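Each residue of the sequence shown is one higher than the one before, counting from 983 in the working numbering. Structure first, commentary second.
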Amino acid sequence: MPARHPSPIDLSADRSGRGPALLLLPTFAGHRESWGVAFTRALAERFTVITVDWSPAAPGLTVPVLAEAVLALPALRAVTRLRLLGWGLGALVGLQIAVTAPRRLERAVLIGAMPHGRALHRRYPTVAELCGVAQTATPDEHLLGLLARLTSPAWRPFAELFLPQLLPRPAATLTALRAQWQALATFDLRPCLAEICTPLLLLAGGEDTLTPPHEQLELAAAIPGAEAHVLAGAGHAVVWEQPGEVLAVALPFLDRRTHPRARPRPPPLALPPRVRAGRMGPDTGAFKSSQGPTPARGRAVRG
């Protein structure tokens, strides 16, 4: 049975697998099944996977409120430090946790992240405009339109096949979707990015139109020690389009161990010329590819 969080936004979570705790935070309108059964099972072979539903519809919902609610889940009460895999809205919540609760977070992979939501809201001021439907459209029509935004052009003909995965629980209405969308409008962590000390890997789909790769690479460059990887040919729904490639990049990063007090080293100007001339990496403020297998269709990004 899902572990329930008694709060106005009513989050819930499931646990599966054995090993270090790995928190999965889904994309906008997502729920526990949005990751796909095979994807979650692969992670559960190495981790205790805690999957969260987004079903909040509280007025004034914000990303910080979601982050607080996630960390207060009963499923995390006995977890002192966790790993995190966030996608879309979940990536923003993960980024918020890295800022406000760094001692709880060992490392995180963020898919389709962005430093703020204002540019996205300028393009799509309402959920209906995001989904390309009328204000009076049904939830199914909204979500089918959303899938066209999430997937790359090659995958859009198959969008209807993924509707059952994206379809929220009955409690998640259009009101809930609008509340989540409004949370994106107020999200802005740009003033805090340079203070983040949690190891982060930013993973981008090369054809993501919601959170374009260049915006994600700029975000990685602003975070000390952050790494970035672009998977060519994938949209925002890279977890569905290239699940094997996502795992090949994410698992080696999540498997690494981090000293709880570890912090990024000084920026290049604090280093002697001989060191600055050496190989660029996280300790010089640049971002590089994740260690381990590199998908043939992906490309690592270096500073």
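Note that beta-carbon positions come from the ideal geometry of N, C-alpha and C, so glycine has one too. Remember, it's a predicted structure, so these values are computed and weren't measured experimentally.
Item	Value
Within 7 Å, strictly: CB atoms of H1218 and D1190	yes
Which of helix, strand or coil DSSP assigns to W1036	coil
Identity of the residue in V1052, R1063, M1096 and I991 nearest E1197 by Cα	M1096
Counterpart residues of E1050 in DSSP-defined beta bridges	Answer is none; E1050 lacks a bridge partner.
Paired residues, beta bridge with S998 - DSSP	V1031
E1209 in three-state terms, based on DSSP	strand
Member of A1116, E1088, R1086 and G1099 whose CA lies at the smallest distance from the CA of A1165	G1099
Cβ-Cβ separation, A1060 to Q1078 (assumed contact under 8 Å), whole Å	Not quite, the Cβ-Cβ distance comes to about 22 Å (not below 8 Å), so this is no contact.
Contacting residues, own chain, Cβ-Cβ under 6 Å from L1074 (five flanking each side not counted)	V1045 and F1169
Collapsed DSSP secondary structure at D1170 in the structure displayed	strand
G1187 in three-state terms, based on DSSP	strand
Endpoints, beta strand (DSSP E) assigned at A1090	L1087 to I1093
Closest Cα partner of L1058 within the set A1214, V1031, E1227 and W1137	V1031
Within the segment 1052-1127, ranges of the alpha helix (DSSP H) (whole runs, at least 4 residues)	1071-1082, 1100-1105 and 1109-1113
Residue nearest to L1092 in terms of C-alpha spacing, selected from L1066, A1026 and S1016	L1066
Buried or exposed by the 16-neighbour rule on C-beta atoms within 10 Å, applied to T1157	exposed
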